[in-house]
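Q: I have a structure here, written as structure tokens, and I will follow up with some questions on it.
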Amino acid sequence: MEALDGAIAAHKAGGFVGYGSSQNPDILYLTRFQTGDPVVYVKRPGEGGVLVVSQMEVPRASREARCAVISRAEAGLPAILKEEQDPWRAIARMITGLVRGKVLFSPSAPCILAKEIAALTEISVDKGTVEHIRAVKRDDEIAQIQAVQTVNGAAMRMAQGIIRRSRIEGENLLHRGSPLTSEYIRGVIQRRLLAGGCHGRDIIVSCGADTAIPHSVGSGPLVPGEPIVIDIAPRDEKSGYHSDMTRTVVRGEAAPQIKDMFRAVQEARDRSIARIKEGVRGDDLHQEVCDHFQDMGFSGVQGGFIHNLGHGVGLAVHEHPSLGPGGGPLAAGNVITVEPGLYLQGVGGVRIEEIGLVVRNGFQPFTRRERDLQL
Numbered sequence: 003m004e005a006l007d008g009a010i011a012a013h014k015a016g017g018f019v020g021y022g023s024s025q026n027p028d029i030l031y032l033t034r035f036q037t038g039d040p041v042v043y044v045k046r047p048g049e050g051g052v053l054v055v056s057q058m059e060v061p062r063a064s065r066e067a068r069c070a071v072i073s074r075a076e077a078g079l080p081a082i083l084k085e086e087q088d089p090w091r092a093i094a095r096m097i098t099g100l101v102r103g104k105v106l107f108s109p110s111a112p113c114i115l116a117k118e119i120a121a122l123t124e125i126s127v128d129k130g131t132v133e134h135i136r137a138v139k140r141d142d143e144i145a146q147i148q149a150v151q152t153v154n155g156a157a158m159r160m161a162q163g164i165i166r167r168s169r170i171e172g173e174n175l176l177h178r179g180s181p182l183t184s185e186y187i188r189g190v191i192q193r194r195l196l197a198g199g200c201h202g203r204d205i206i207v208s209c210g211a212d213t214a215i216p217h218s219v220g221s222g223p224l225v226p227g228e229p230i231v232i233d234i235a236p237r238d239e240k241s242g243y244h245s246d247m248t249r250t251v252v253r254g255e256a257a258p259q260i261k262d263m264f265r266a267v268q269e270a271r272d273r274s275i276a277r278i279k280e281g282v283r284g285d286d287l288h289q290e291v292c293d294h295f296q297d298m299g300f301s302g303v304q305g306g307f308i309h310n311l312g313h314g315v316g317l318a319v320h321e322h323p324s325l326g327p328g329g330g331p332l333a334a335g336n337v338i339t340v341e342p343g344l345y346l347q348g349v350g351g352v353r354i355e356e357i358g359l360v361v362r363n364g365f366q367p368f369t370r371r372e373r374d375l376q377l
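The opening position of the sequence shown corresponds to residue 3 in our numbering, with each subsequent residue numbered one higher.
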């Protein structure tokens, strides 16, 4: 944690403080302890971190956390509560007693706690040191993300297989004699993810005009000849790591404009992947895709390319680095997505999303690049 020690020194602080449950990616990264209840993490310069938990959680945390563990009683909280009835002020007093100096406060911790700490001692808010540490993955983290993507890929293939085998009957796709719906495919995906120890939130299975809204989850019948966007970003329930991938398919014959959009998006993806390596800037990659789409006539207020080219993936599904405006140089060890897309109101949308590892001289994909639009 040299970078965190460096941030503490730069702020002339007595220590760094984080607060939250393991749903907070920084807390999970620093402690590796999964809990739904908020915990306190304190790191003093030159020392290992300390996790403060309830007495009930001490045995489990001592076994699972990768840092030292103490109870709230050992940190003095019960004694403080005898004098201080406000729980936030009591926690602030406990924290300042552990840090014994200026506090460098996590940007993701509650403002009310920062306010109470500031009433007791000097405080500075960190500007994302832990998030930037998390951006460069260790080998074990890379393996965890690849494992999630293996499950994700299996769920995607299952969904595509059902769509491929559906029968076209007029304006409907039939599966086992009933109309095939977004909800049915989403349920199939979720069950496959759960069988692999993962869980998906906001699984997108959108169709037709809904695909022109990038994060519309979709609802109702899937329609032949219309684009179907499937976007899955599962989280491993044990490790907390994510993956993220998107495919666009059409069952039957796609409209010429959708075919043109698909070819343009494929080309943008391939060009971007060919350019990725250590040191290439995320904002440059994004701008090159913007220029590519503009050259092909896909731009304007009615739609076009309306989101970043990609993002980091890890304990959060969206994290550093950014492949968008303001995105800096990529580093070896970044796990990123490449997800160009085109969206035209009244027509539909096309998005393809790959995930992989930035290395010194290129990009190692965790997904297999698919070439077919029509199933």
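By construction, the Cβ of each residue, glycine as well, lies at the ideal position given by its N, Cα and C atoms. Model, not experiment: these values are computed from the prediction.
Does the stretch 349-362 come close enough to the stretch 331-339 to have 3 or more Cβ pairs within less than 8 Å?
A: Flag = yes, the stretch 349-362 and the stretch 331-339 touch.
Q: Sorted by chain position, which residues of the same chain lie with C-beta nearer than 7 Å to G38's C-beta, five sequence neighbours on each side aside?
A: These residues qualify, in order along the chain: S23.
Q: Rank T33, G17, G163, G51 by C-alpha distance to the C-alpha of T123 and give the top, closest one.
A: Closest by alpha carbon: G17.
Q: F365: which of A161, I164, I29, S274 sits nearest, CA to CA?
A: Closest option to F365, Cα to Cα, is S274.
Q: If we ignore side chains and look at the alpha-carbon of each, how far apart do W90 and G20 end up?
A: Taking the straight line from one Cα to the other gives about 14 Å.
Q: Let's test the definition: count the other Cβ atoms within 10 Å of the Cβ of A235 and tell me whether it reaches 16, buried, or not, exposed.
A: Buried: at least 16 other Cβ atoms inside 10 Å.
Q: Looking at the structure shown, is M247 part of a helix, part of a strand, or coil, going by DSSP?
A: Residue state, collapsed to three classes: strand.
Q: Could you pull the start and end residues of the alpha helix (DSSP H) that S64 belongs to?
A: Here the alpha helix (DSSP H) through S64 covers 60-66.
Q: Any idea what DSSP makes of F295, helix, strand or coil?
A: It is helical.
Q: Grouping DSSP H, G and I as helix and E and B as strand, with all else coil, what is Q1?
A: Past the edges of the chain, shown from 3 to 377, lies residue 1, and the structure says nothing about it.
Q: From what residue to what residue does the alpha helix (DSSP H) around V190 run?
A: Here the alpha helix (DSSP H) through V190 covers 184-197.
Q: Quick check on L6: buried or exposed, where buried means 16 or more other Cβ atoms within 10 Å of its Cβ?
A: It is buried - the Cβ of L6 has at least 16 other Cβ atoms within 10 Å.
Q: Have a look at G312 and R371 and give me their C-alpha separation to the nearest angstrom.
A: Between G312 and R371, the C-alpha separation is close to 16 Å.
Q: Looking only at its own chain, which residues have a Cβ that is under 6 Å from the Cβ of P181, when we skip the five neighbours before and after it?
A: Counting only Cβ-Cβ distances below 6 Å, and skipping sequence neighbours, we find N174, P223.
Q: Whose C-beta lies closer than 7 Å to the C-beta of V114 among residues of the same chain, with five residues either side of it excluded?
A: What sits at residue 114 in the sequence shown is Ile, not Val. Only W90 meet the Cβ criterion.
Q: Tell me which residues share the same chain as R188 and place their Cβ nearer than 7 Å to its Cβ, disregarding the 5 neighbours each side in the sequence.
A: The residues are I205, V207.
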